[in-house]
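To start, the structure itself, in structure tokens.
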Amino acid sequence: MPTRRLILASSSPRRHQLLREAGYEFESLAPHESVECGICSTGGPASLVVELAMNKAANVLAQLKESGDFDDRCVIIACDTVAECGGMVLGKPADEAHARDMLERLRGSLHRVYSGLCVWQPGSAAAGLPDVRLAVSELRMDPLSDQQLDEYLASGLWEGKAGAFGYQDRAGWLHLSKGSESNVVGLPMELLTEMLAELPAD
Numbered sequence: 001m002p003t004r005r006l007i008l009a010s011s012s013p014r015r016h017q018l019l020r021e022a023g024y025e026f027e028s029l030a031p032h033e034s035v036e037c038g039i040c041s042t043g044g045p046a047s048l049v050v051e052l053a054m055n056k057a058a059n060v061l062a063q064l065k066e067s068g069d070f071d072d073r074c075v076i077i078a079c080d081t082v083a084e085c086g087g088m089v090l091g092k093p094a095d096e097a098h099a100r101d102m103l104e105r106l107r108g109s110l111h112r113v114y115s116g117l118c119v120w121q122p123g124s125a126a127a128g129l130p131d132v133r134l135a136v137s138e139l140r141m142d143p144l145s146d147q148q149l150d151e152y153l154a155s156g157l158w159e160g161k162a163g164a165f166g167y168q169d170r171a172g173w174l175h176l177s178k179g180s181e182s183n184v185v186g187l188p189m190e191l192l193t194e195m196l197a198e199l200p201a202d
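With the first letter of the sequence shown counted as 1, position 96 gets the number 96 in our numbering; the numbers rise by one all the way through.
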């Protein structure tokens with residue numbers, strides 16, 4: 001079959017980096033902000049990220065078709081990630097005060113990171129439906145002092161990150177006990193590799 005066009009439905013530098021480091025050639029097209037509506041599902045974190053990943057992929061497909069840039073080689077990759085601690089879903093913080101609330105909840109606690117991953121080749125007769133799967137990682141954050149928390153907030157590294165933290169920023173604070181490290185960063189690469197390998201060759 002013709003070479004696939006991988007299109008990442010994200011402007012996230014971390015997702016771009018993970019794909020590049022894995023050797024993938026890809027284009028990127030961010031979904032409209034209205035698609036990333038935050039916590040808009042009552043089905044828990046798993047349902048939320050699966051729903052948002054599908055919505056992002058559908059939005060990017062619509063953009064490609066509207067611009068006339070869609071062809072049968074397009075494979076859309078969309079992912080949404082949230083953290084969950086004590087039953088509360090933690091998306092991206094709205095501001096520093098929101099980030100502080102999240103980090104105070106997370107410090108010293110066991111929590112999980114959920115990613116919904118959608119791989120969709122809508123122009124393929126054999127794989128026209130989106131494939132959406134879930135990745136879950138479990139971590140524990142050290143019991144941070146108020147000073148450590150203040151310093152991290154002042155750094156601005158919390159911005160745009162689910163749960164107001166980045167595993168790649170202060171790895172010494174976070175200890176992965178189950179699941180994928182790349183999932184915690186924002187794109188479960190092991191699962192993505194598996195899903196891409198399962199796409200049929202038309």
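By construction, the Cβ of each residue, glycine as well, lies at the ideal position given by its N, Cα and C atoms.
In this text the structure is predicted, and so the values were computed from the model without any measurement.
Classify residue i as helix, strand or coil using the three-state DSSP reduction.
{"i": "residue 56", "result": "helix"}
{"i": "residue 24", "result": "coil"}
{"i": "residue 172", "result": "helix"}
{"i": "residue 142", "result": "coil"}
{"i": "residue 78", "result": "strand"}
{"i": "residue 164", "result": "helix"}
{"i": "residue 177", "result": "strand"}
{"i": "residue 12", "result": "coil"}
{"i": "residue 37", "result": "Residue placement at residue 37 is poorly supported in this model, since its pLDDT is 49, which falls under 50; the coordinates still yield a value, given next. Here residue 37 sits in coil by DSSP."}
{"i": "residue 69", "result": "coil"}
{"i": "residue 186", "result": "coil"}
{"i": "residue 18", "result": "helix"}
{"i": "residue 46", "result": "helix"}
{"i": "residue 64", "result": "helix"}
{"i": "residue 29", "result": "coil"}
{"i": "residue 149", "result": "helix"}
Start and end of the beta strand (DSSP E) containing residue i?
{"i": "residue 111", "result": "110–120"}
{"i": "residue 157", "result": "Element bounds for residue 157: n/a, residue is neither H nor E."}
{"i": "residue 8", "result": "5–8"}
Below 8 Å on the Cβ atoms is my contact criterion, and I expect residue i with residue j to pass it. Report the Cβ-Cβ distance as a whole number of Å.
{"i": "residue 86", "j": "residue 112", "result": "With a Cβ gap of about 10 Å, residue 86 and residue 112 do not count as contacting."}
{"i": "residue 110", "j": "residue 138", "result": "7 Å"}
{"i": "residue 9", "j": "residue 57", "result": "6 Å"}
{"i": "residue 75", "j": "residue 14", "result": "Not really, about 20 Å apart at Cβ, beyond 8 Å."}
{"i": "residue 72", "j": "residue 23", "result": "With a Cβ gap of about 24 Å, residue 72 and residue 23 do not count as contacting."}
{"i": "residue 45", "j": "residue 84", "result": "4 Å"}
{"i": "residue 188", "j": "residue 135", "result": "4 Å"}
{"i": "residue 131", "j": "residue 195", "result": "6 Å"}
Just to confirm the assignment, what range does the alpha helix (DSSP H) spanning residue i have?
{"i": "residue 103", "result": "96–106"}
{"i": "residue 196", "result": "189–197"}
What are the residues that DSSP puts in a beta bridge with residue i?
{"i": "residue 137", "result": "113"}
{"i": "residue 131", "result": "119"}
{"i": "residue 84", "result": "89, 112"}
Discussion item. Pairs of beta-carbons, one from the segment 46–54 and one from the segment 103–122, closer than 8 Å: are there three or more?
Written reply: yes
Worksheet item: Does the pairing of the segment 175–193 with the segment 146–156 give three or more beta-carbon distances under 8 Å?
Response: no
Worksheet item: Is there contact between the segment 164–173 and the segment 181–189, where contact requires at least three CB pairs shorter than 8 Å?
Response: yes
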